[in-house]
Amino acid sequence: MKEEPRILIVCGSPRKANSEMVSRKLVELLEGKAVPELVLLSEKNIQPWHEGHDKAKDDMPKLLEKFRTASAYIFVSPSYFGMPPGILKNFIDRTDVFFGQTSKFSKKFASIVSIGASPLGGGIEHNAECIRSYFHALGIRTLDIVYLIGKEKPEEILKEKDAIERLPQLVDNLLEAIKRFSEGGIK
Ligand SMILES: Cc1cc2nc3c(=O)[nH]c(=O)nc-3n(C[C@H](O)[C@H](O)[C@H](O)COP(=O)(O)O)c2cc1C
Numbered sequence: 029m030k031e032e033p034r035i036l037i038v039c040g041s042p043r044k045a046n047s048e049m050v051s052r053k054l055v056e057l058l059e060g061k062a063v064p065e066l067v068l069l070s071e072k073n074i075q076p077w078h079e080g081h082d083k084a085k086d087d088m089p090k091l092l093e094k095f096r097t098a099s100a101y102i103f104v105s106p107s108y109f110g111m112p113p114g115i116l117k118n119f120i121d122r123t124d125v126f127f128g129q130t131s132k133f134s135k136k137f138a139s140i141v142s143i144g145a146s147p148l149g150g151g152i153e154h155n156a157e158c159i160r161s162y163f164h165a166l167g168i169r170t171l172d173i174v175y176l177i178g179k180e181k182p183e184e185i186l187k188e189k190d191a192i193e194r195l196p197q198l199v200d201n202l203l204e205a206i207k208r209f210s211e212g213g214i215k
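Counted from 1, the sequence shown has number 187 at position 159 by our numbering; the numbering is strictly sequential.
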């Protein structure tokens with residue numbers, strides 16, 4: 029029997045709010061179709077990159093293993109001044125152990141949800157572009173980018189038209205790409 033693809037969802041917010049709400053919704057949408065694995069960076073101990081970081085006693089070794097073995101990635105990230113928050117940047121920097129191994133990652137896909145307080149033009153595109161550029165550096169192909177506006181009551185973010193329409197599309201597109209790739213339809 030064919031194994032279901034493992035999708036790593038990385039939630040980049042340092043708080044339990046809109047990004048976590050969206051990340052949990054993505055888990056729900058993936059269940060039964062794939063094996064979703066949610067990583068809430070707010071709950072992880074991740075040291076910043078430094079000389080000798082590969083010997084750091086933190087949560088990164090386990091996370092690197094999850095990253096290495098996932099079939100695809102969804103990063104859900106708030107925009108902080110048009111960039112990912114520091115905890116997500118620390119996570120990204122620590123995956124430098126995979127830099128230069130594009131042949132391992134070029135068979136993988138990613139999608140991005142970028143969340144900000146302001147609509148387009150307020151930095152959410154730049155935030156998504158930072159993350160897309162990171163995936164590109166590892167050889168991972170980015171498919172969908174969804175922009176959402178954070179709410180004071182985080183559960184309300186799921187009522188946004190783009191959340192209702194585009195999150196299911198993002199999941200379907202990711203699964204379709206993985207399937208087509210495994211059948212040789214995407215080179
Ligand atoms: C330090 C900081 C910087 C921010 N910068 C921006 C920004 O440049 N543009 C924007 O639209 N929202 C900005 N925001 C708002 C957050 O992106 C917004 O509150 C988002 O919902 C946070 O995600 P969360 O609810 O998952 O934590 C900023 C928030 C913080 C704390």
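Ideal Cβ placement from N, Cα and C applies to all residues, glycine included.
Compare the beta carbon distance of residue i and residue j with 8 Å and say whether it is the shorter of the two.
i           : j           : result
residue 158 : residue 111 : yes
residue 147 : residue 41  : no
residue 98  : residue 203 : no
residue 116 : residue 176 : no
residue 140 : residue 169 : no
residue 178 : residue 106 : yes
residue 182 : residue 57  : no
residue 35  : residue 120 : no
residue 33  : residue 192 : no
residue 130 : residue 167 : yes
residue 135 : residue 209 : yes
With 8 Å as the threshold, decide whether the Cβ of residue i is near any Cβ in chain C.
i           : result
residue 197 : No chain C appears in the structure shown, which is made up of a single protein chain.
The beta strand (DSSP E) with residue i in it runs from where to where?
i           : result
residue 200 : Careful: residue 200 lies outside any beta strand (DSSP E), inside the alpha helix (DSSP H) at 189 to 210.
residue 152 : Taken as a continuous stretch (DSSP letters only), residue 152 belongs to no beta strand (DSSP E), being part of the alpha helix (DSSP H) at 152 to 166.
What residues are listed by DSSP as bridge partners for residue i?
i           : result
residue 108 : 111
residue 64  : 35
residue 144 : 177
residue 99  : Answer by DSSP bridge pairing: none, since residue 99 is not bridged.
residue 137 : 100, 169
Give the C-beta separation of residue i and residue j to the nearest angstrom, bearing in mind that I take them to be a contact with Cβ-Cβ under 8 Å.
i           : j           : result
residue 37  : residue 104 : 7 Å
residue 143 : residue 50  : 7 Å
residue 100 : residue 137 : 5 Å
residue 91  : residue 125 : Wrong, their Cβ atoms sit about 11 Å apart, outside the cutoff.
residue 118 : residue 76  : 5 Å
residue 46  : residue 185 : 5 Å
residue 54  : residue 199 : 7 Å
Please indicate yes or no: does the CB of residue i lie closer than 7 Å to some heavy atom of ligand 3?
i           : result
residue 114 : This structure simply doesn't include ligand 3; it includes ligand 1 instead.
Go to residue i, then tell me how far its alpha helix (DSSP H) extends in each direction, as first and last residue.
i          : result
residue 13 : Residue 13 lies beyond the range of the chain shown here (29 to 215); nothing can be said about it.
residue 53 : 46 to 58
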